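Asks:
Protein chains: 2
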Amino acid sequence: MAQKPSIPKGTRDFSPEEMAKRNYIFDTIREVYKLYGFNQIETPAMESLSTLMGKYGEEGDKLLFKILNSGDVLADFTDQELLEKNSLRFAAKACEKGLRYDLTVPFARYVVMHRNELTFPFRRYQIQPVWRADRPQKGRYREFFQCDADIVGSDSLLNEVELIQIIDEVFRRFGIRISIKLNNRKILSGIAEIIGEKDRITDITVAIDKLDKIGLDKVNEELASKGLTQTAIDQLQPIILLKGDNQSKLQTLKTLLANSEIGLKGVSELEYIINKLDQSTLSSELELDLTLARGLNYYTGAIIEVKALDVQIGSITGGGRYDNLTGIFGLDGVSGVGISFGADRIFDVLNQLDLYPKESIKGTQVLFVNFGQKEEEYILPLAMQMRRSGISTEVYPEAAKMQKQMKYADANRIPYVLIAGEDEIKEEKLTLKNMISGEQKKLTIEETIELLLNR
Amino acid sequence: MAQKPSIPKGTRDFSPEEMAKRNYIFDTIREVYKLYGFNQIETPAMESLSTLMGKYGEEGDKLLFKILNSGDVLADFTDQELLEKNSLRFAAKACEKGLRYDLTVPFARYVVMHRNELTFPFRRYQIQPVWRADRPQKGRYREFFQCDADIVGSDSLLNEVELIQIIDEVFRRFGIRISIKLNNRKILSGIAEIIGEKDRITDITVAIDKLDKIGLDKVNEELASKGLTQTAIDQLQPIILLKGDNQSKLQTLKTLLANSEIGLKGVSELEYIINKLDQSTLSSELELDLTLARGLNYYTGAIIEVKALDVQIGSITGGGRYDNLTGIFGLDGVSGVGISFGADRIFDVLNQLDLYPKESIKGTQVLFVNFGQKEEEYILPLAMQMRRSGISTEVYPEAAKMQKQMKYADANRIPYVLIAGEDEIKEEKLTLKNMISGEQKKLTIEETIELLLNR
Numbered sequence: 001m002a003q004k005p006s007i008p009k010g011t012r013d014f015s016p017e018e019m020a021k022r023n024y025i026f027d028t029i030r031e032v033y034k035l036y037g038f039n040q041i042e043t044p045a046m047e048s049l050s051t052l053m054g055k056y057g058e059e060g061d062k063l064l065f066k067i068l069n070s071g072d073v074l075a076d077f078t079d080q081e082l083l084e085k086n087s088l089r090f091a092a093k094a095c096e097k098g099l100r101y102d103l104t105v106p107f108a109r110y111v112v113m114h115r116n117e118l119t120f121p122f123r124r125y126q127i128q129p130v131w132r133a134d135r136p137q138k139g140r141y142r143e144f145f146q147c148d149a150d151i152v153g154s155d156s157l158l159n160e161v162e163l164i165q166i167i168d169e170v171f172r173r174f175g176i177r178i179s180i181k182l183n184n185r186k187i188l189s190g191i192a193e194i195i196g197e198k199d200r201i202t203d204i205t206v207a208i209d210k211l212d213k214i215g216l217d218k219v220n221e222e223l224a225s226k227g228l229t230q231t232a233i234d235q236l237q238p239i240i241l242l243k244g245d246n247q248s249k250l251q252t253l254k255t256l257l258a259n260s261e262i263g264l265k266g267v268s269e270l271e272y273i274i275n276k277l278d279q280s281t282l283s284s285e286l287e288l289d290l291t292l293a294r295g296l297n298y299y300t301g302a303i304i305e306v307k308a309l310d311v312q313i314g315s316i317t318g319g320g321r322y323d324n325l326t327g328i329f330g331l332d333g334v335s336g337v338g339i340s341f342g343a344d345r346i347f348d349v350l351n352q353l354d355l356y357p358k359e360s361i362k363g364t365q366v367l368f369v370n371f372g373q374k375e376e377e378y379i380l381p382l383a384m385q386m387r388r389s390g391i392s393t394e395v396y397p398e399a400a401k402m403q404k405q406m407k408y409a410d411a412n413r414i415p416y417v418l419i420a421g422e423d424e425i426k427e428e429k430l431t432l433k434n435m436i437s438g439e440q441k442k443l444t445i446e447e448t449i450e451l452l453l454n455r
Numbered sequence: 456m457a458q459k460p461s462i463p464k465g466t467r468d469f470s471p472e473e474m475a476k477r478n479y480i481f482d483t484i485r486e487v488y489k490l491y492g493f494n495q496i497e498t499p500a501m502e503s504l505s506t507l508m509g510k511y512g513e514e515g516d517k518l519l520f521k522i523l524n525s526g527d528v529l530a531d532f533t534d535q536e537l538l539e540k541n542s543l544r545f546a547a548k549a550c551e552k553g554l555r556y557d558l559t560v561p562f563a564r565y566v567v568m569h570r571n572e573l574t575f576p577f578r579r580y581q582i583q584p585v586w587r588a589d590r591p592q593k594g595r596y597r598e599f600f601q602c603d604a605d606i607v608g609s610d611s612l613l614n615e616v617e618l619i620q621i622i623d624e625v626f627r628r629f630g631i632r633i634s635i636k637l638n639n640r641k642i643l644s645g646i647a648e649i650i651g652e653k654d655r656i657t658d659i660t661v662a663i664d665k666l667d668k669i670g671l672d673k674v675n676e677e678l679a680s681k682g683l684t685q686t687a688i689d690q691l692q693p694i695i696l697l698k699g700d701n702q703s704k705l706q707t708l709k710t711l712l713a714n715s716e717i718g719l720k721g722v723s724e725l726e727y728i729i730n731k732l733d734q735s736t737l738s739s740e741l742e743l744d745l746t747l748a749r750g751l752n753y754y755t756g757a758i759i760e761v762k763a764l765d766v767q768i769g770s771i772t773g774g775g776r777y778d779n780l781t782g783i784f785g786l787d788g789v790s791g792v793g794i795s796f797g798a799d800r801i802f803d804v805l806n807q808l809d810l811y812p813k814e815s816i817k818g819t820q821v822l823f824v825n826f827g828q829k830e831e832e833y834i835l836p837l838a839m840q841m842r843r844s845g846i847s848t849e850v851y852p853e854a855a856k857m858q859k860q861m862k863y864a865d866a867n868r869i870p871y872v873l874i875a876g877e878d879e880i881k882e883e884k885l886t887l888k889n890m891i892s893g894e895q896k897k898l899t900i901e902e903t904i905e906l907l908l909n910r
């Protein structure tokens, strides 16, 4: 029975061209991760719901895809339980498994489960899809890919330095100009501390962020409307107006935060990282940005965010340090720091700037035209020889009309076509046609291979 | 709150070493697929249940992982519907999506959905996990990986020839000795036809398969017990006793099936494939095997199966031709032929025979020992230089005890360690220690890079 097929909303098929582009992105990231000694792991798509629930806040719990238990699920329920129609409580009993929501919680679970096999510091990377029952919209999907690298079991700030070097190297390879923004949760805590408004970190950073758009007066108005005292707002002025290069910002912060132990700790962490990176030759600009407040509920030290300079789009990579990653699973005292490349947004940026290297998206190199049985016998061993030389080769599978075969080569962007008719067979040669220039040459198989390998 | 974490039964975490081995398998298969002009696609993990249900038989429907709809699921149900406690009917309404069960049905769905963008014949490959709520047991998982290649929209037998060449090439690269077994559904139909037992194909092939184990008399007894007439059994004798090389088997079959049009069609198809492959230089043996009856309910032409010669394990690759793949989704007349490598079993075979090339599982090449701030300043730019040369390099992130750092290198099987103390820094050199031989050398950074790249 015929049905019009479709796929679930928020999910995508990837065509050959999209796959080639995506593989280029994943391969580039993977290669750089490997150069820095990160090891790949993979975890199952399904995790026990007990592993996932409560790790992403109440909102996150709702966005988990839950898998109905197999077998006669309803048999386990009393009439009473069903008639309550409490969908949440029902799901808690009818579903033991859910789809992974990110790569961080499964990684924490992995570290705890395998702690006896691991040597710390453990450097792992992981590139896998995650699923969220979010409302789909432009650029936001229910199935999307994360590319994470984390180091656990080391407090050294050298890890932050290397992760930023990785970010720099990856985008240098992509040819995407970026700004790497840096902040430190401890500095934000210090600021809140000295103005006596510990719970207002988010309000403060949101307001500061608007300075360029709405001006100082409006920022101060907003802070007042959030309930900050005039004294607190006055104390905040030098922070809101913080300007200059990273070094001068650091000096100003040292003075401003002189009375906050945690604040000064944050400044000295940032200073270490920035100084180490100044020594190395980064391609990207690095900017101390106090408005950076992502992941405030879990980051405890460095906060990292990457903006593309030539495309209007949100953050394309982010990360930071989180203490006690594995505490939720009963293993305390394991600090972690990590980054995550946003593959889907990077895909969009590379598309907009048209930065894919031609090599990365090349498919079949050459198509043998098929004239029938006799010619097939001549070309099949030659096709084999070309493949053994590493050339991606197709033989058109039937003796269709020449025009149809050419159309096939065109549609699949195959750059060369090989023709072997009576003449070529007699001379033990092939006619190579360049599908772009239209140019034709009669060549031996060895000459053909040489030409295709060196083009 | 601490909880002992675990993963759902039948699923697996993959460690760095396992990932390296698995990547070697996937990369090898991918490379050969690409050499033959196959294009990669990916489809979402979740499909609409309407796409999946009814495609794998009643048993298959039960093995689908179903995803509970988001939101207040039970609100859509009447008390009556719930109190029925009909779990199947419940799931049909409470779950719109399921996890993909194989790659073939999603591919058929893909071809129908994208038919206007595709040029036929369409050659695609796809390497992704699939999920089945099967009872987990040794070697059988609830999440496992399939590596499929299919050509749709071409009846040419050249496709079968190329798929078998691909199988041969992949296992040649792995170094696994195999036997490729070939059959044709039309021959089985022909046999059933000439003995007047059209519905007994399975019984017949199962019985023939036991010849070596139980002998001719027992085979005939079994056939009789299945209800075959004595005449039918008599007619089957030359088929049961079919022996010799492929060519002589083909000649015998031509005589035996002289009165069956479909049978002769099958023989001539097989003959074409075998003759074309005899011309090429296969590394593996190719055997016409009438007992091969996999996928009888969907294969319509060639049936292919691969057995490892040096390890006792089931089929490690299989495939065949199926007419009208996309008919279930309303697009008729599209024939397909494909193969699927069993990655998990190949993993086991490579492990048992210890065939992984060393290169394929190498991780970090060299670790810089960390003595503290001053030494860090010396080694960080050198580490960068090594990475730019393509050498996977780690810097131990803190100035831990030498013994701890060496233990780390050992545990992670890092073959070289670089030491830079006061002397080395003064001489602008590095001490390179081979972790296996224990040998040490003082070298410049250029000499170190040269040595590591060429080892």
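Going line by line, the protein sequences match chains A and B.
Residue 294 in this note's numbering is what sits at position 294 of the first sequence, and the numbering runs on without skipping anything.
Throughout, this note's numbering is defined as the position within the second sequence, counted from one, plus 455.
The beta-carbon is built from N, C-alpha and C at its ideal position, and this holds for glycine as well.
None of these values were measured; they are calculated from a predicted model.
1) Using a C-beta to C-beta distance shorter than 9 Å, which residues of chain A count as neighbours of Thr574(B)?
2) My output table needs one value for Arg555(B): the three-state DSSP class, helix, strand or coil.
3) Give me the chain B residues within the contact set of Met19(A), using Cβ-Cβ distance strictly less than 7 Å, ordered along the chain.
4) Along chain B, which residues have their Cβ under 7 Å away from the Cβ of Met435(A)?
5) Note down, in chain order, every chain A residue with its Cβ under 7 Å from the Cβ of Pro460(B).
6) Check each candidate in Lys709(B), Lys540(B), Thr660(B) and name the one with the smallest Cα separation from Leu751(B).
7) Could you give the distance in angstroms between the alpha-carbon of Glu502(B) and the alpha-carbon of Asp605(B)?
8) Can you find a C-beta in chain A that's less than 7 Å from the C-beta of Ser525(B)?
9) May I have a chain-ordered list of the alpha helix (DSSP H) segments no shorter than 4 residues that lie completely inside the region 625–711 of chain B?
10) Please decide whether Asn730(B) counts as near chain A, where near means a Cβ-Cβ distance under 7 Å.
11) Does Thr466(B) get closer than 7 Å to chain A when you measure Cβ to Cβ?
12) So, for Tyr299(A): in the same chain, excluding its five sequence neighbours on each side, which residues have a beta-carbon less than 6 Å away from its beta-carbon?
13) Excluding the 5 residues preceding and the 5 following Asn867(B) in the sequence, name in chain order all residues of the same chain whose CB lies nearer than 7 Å to its CB.
14) From Leu533(B) to Arg544(B), what distance separates their C-alpha atoms?
15) Spell out the partners DSSP gives Val792(B) in its beta bridges.
16) Should Leu453(A) be labelled buried (16 or more other beta-carbon atoms within 10 Å of its own) or exposed?
17) Fully enclosed by the region 800–850 of chain B, which beta strand (DSSP E) runs are 3 residues long or longer?
18) Determine whether the Cβ of Phe144(A) lies closer than 7 Å to any Cβ atom of chain B.
19) Contact check, Tyr33(A) vs Ile166(A) under 8 Å by CB: the rounded distance?
20) Using only alpha-carbon positions, find the residue among Ile717(B), Asn714(B), Asp700(B) that is nearest to Glu742(B).
21) Under 9 Å Cβ-Cβ, which residues of chain B neighbour Gln279(A)?
22) For Leu612(B), which of helix, strand or coil comes out of DSSP?
23) Given a cut-off of 7 Å, decide if Glu197(A) and Ala232(A) are closer than it, judged by their beta-carbon atoms.
24) What residues in the region 75–95 of chain A have a beta carbon less than 9 Å from any beta carbon of chain B?
25) Just curious, the alpha helix (DSSP H) that Lys548(B) is in, first and last residue?
26) Assign Asp27(A) to buried or exposed, taking buried as 16 or more other Cβ atoms, counted over all protein chains shown, within 10 Å of its Cβ.
27) Would the region 702–719 of chain B count as touching the region 343–362 of chain A if we require 3 or more Cβ pairs under 8 Å?
28) Buried or exposed for Met1(A), please, with buried defined as at least 16 other CB atoms from any protein chain shown within 10 angstroms of its CB.
29) For Gly594(B) and Gly342(A), I'd like the C-alpha separation in whole angstroms.
30) First and last residue of the beta strand (DSSP E) that includes Ser268(A)?
31) When we look at the beta-carbon of Leu725(B) and count the other beta-carbons within 10 Å, is it buried (16 or more) or exposed?
32) When you compare the CB of Val73(A) with every CB in chain B, is at least one pair closer than 7 Å?
33) Going by beta-carbon coordinates alone, are Val792(B) and Thr781(B) separated by less than 7 Å?
34) Chain C partners of Thr819(B), CB-CB under 7 Å?
35) To the nearest angstrom, how far is it from the Cα of Ile768(B) to the Cα of Gln592(B)?
Replies: Quick answer:
1) Lys407, Tyr408, Asp410, Ala411, Asn412
2) coil
3) Gln495, Ile496, Glu497
4) By Cβ distance, chain B contributes nothing, its closest Cβ being about 14 Å from Met435(A), past 7 Å.
5) Thr51, Arg109, Val112, Met113, Phe329
6) Thr660(B)
7) 20 Å
8) yes
9) 640–649, 656–664, 666–680, 685–695, 701–711
10) no
11) yes
12) Arg185, Gly320, Tyr322
13) Gly818, Thr819
14) At residue 533(B) the sequence reads Thr, which differs from the Leu that was named. Near 13 Å, if we compare the C-alpha coordinates of Arg544(B) and Thr533(B).
15) Ile606(B), Arg776(B)
16) exposed
17) 821–823, 848–850
18) no
19) 7 Å
20) Asp700(B)
21) Glu832, Leu835, Pro836
22) coil
23) yes
24) Ala75, Phe77, Asp79, Leu82, Leu83, Glu84, Lys85, Asn86, Ser87, Leu88, Phe90, Ala91, Ala94, Cys95
25) 542–549
26) exposed
27) no
28) Confidence at Met1(A) is low in this model, with a pLDDT of 44, below 50, so its placement is unreliable and no value can be given for it.
29) 35 Å
30) Premise fails: Ser268(A) lies in the alpha helix (DSSP H), 261–279, not in any beta strand (DSSP E).
31) buried
32) yes
33) no
34) As a matter of chain content, chain C is missing from the structure shown, whose protein chains are A and B.
35) 14 Å
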